[in-house]
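Numbers 2 to 153, taken from the working numbering, label the letters of the sequence shown in order.
Using N, Cα and C, we set each Cβ at its ideal position, and we do this for glycine too.
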Amino acid sequence: MSAKCSKYRHIVAAVDFSEIAAKVVCRALDLADLYKARLSVVTVLEDMPIYPEPYGDFSMPSIDAEQWKGLVSATELRLDKFVAEIGLSDLTQTEVLSGSPKYEITSWAEEHDADLIVMGSHGHRRMFAMLGSTTDGVIHRAGCDVLMVRDK
Numbered sequence: 002m003s004a005k006c007s008k009y010r011h012i013v014a015a016v017d018f019s020e021i022a023a024k025v026v027c028r029a030l031d032l033a034d035l036y037k038a039r040l041s042v043v044t045v046l047e048d049m050p051i052y053p054e055p056y057g058d059f060s061m062p063s064i065d066a067e068q069w070k071g072l073v074s075a076t077e078l079r080l081d082k083f084v085a086e087i088g089l090s091d092l093t094q095t096e097v098l099s100g101s102p103k104y105e106i107t108s109w110a111e112e113h114d115a116d117l118i119v120m121g122s123h124g125h126r127r128m129f130a131m132l133g134s135t136t137d138g139v140i141h142r143a144g145c146d147v148l149m150v151r152d153k
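What follows is the structure, given as structure tokens:
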């Protein structure tokens, strides 16, 4: 049996600015260098629920369109600064997505013909004992390979 392995052409590093984010981008950069692949770095702003009335025993924050626009702009600046600090400014496409991280990351990767997603095993939220909920969702939804970088 002979299987032909294709090289990665477009690698996406998905980050959430947690402690492991720099390690994720460095691992993605190593692979991009090895395969002479294009590298993109994305982050996702989760949509905030908007409730006009208190919800249960607490109120959820509401955010108007102008505030959301400001949040997106601030996150774009933060992502550009993060990438620049690693030394990738001119080499990398960056994008701030909004919505559910597992859906946005996999959809963006598919739309941009990515063949590898690199992400941390855990980020800001540790909902599952063994695997972060976003990472687990991406692994199950992705139409391409997913590399999970451990935080140790």
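| Asked | Found |
| --- | --- |
| Secondary structure of residue 106, DSSP reduced to three states | helix |
| Classification of residue 31 by the beta-carbon crowding that lies within 10 angstroms, buried from 16 upward | exposed |
| Those runs of the beta strand (DSSP E) which lie wholly inside the segment 18 to 49 and span at least 3 residues | 39 to 46 |
| Residue 138 and residue 16 closer than 9 Å at C-beta | no |
| Neighbour flag for residue 84 against chain C, beta carbons, 9 Å | Given the protein chain composition of this structure (a single chain), no chain C is represented. |
| Close Cβ partners of residue 132 (< 6 Å) along its chain, the five nearest in sequence each way excluded | Low confidence applies to residue 132: its pLDDT is 46, below 50, so where it sits in the model is not reliable, and the reading given next is rough at best. Hits under 6 Å: none found. |
| Chain-order list of residues whose beta-carbon lies under 8 Å from that of residue 6 (same chain, five-residue window excluded) | none |
| Straight-line Cα distance separating residue 37 from residue 98 | 25 Å |
| As assigned by DSSP and simplified to three states, the class of residue 71 | helix |
| Residue 128 versus residue 67: straight-line alpha-carbon distance, rounded | Any reading at residue 128 is ruled out, since the residue's pLDDT is 36, under 50, leaving its predicted position unreliable. |
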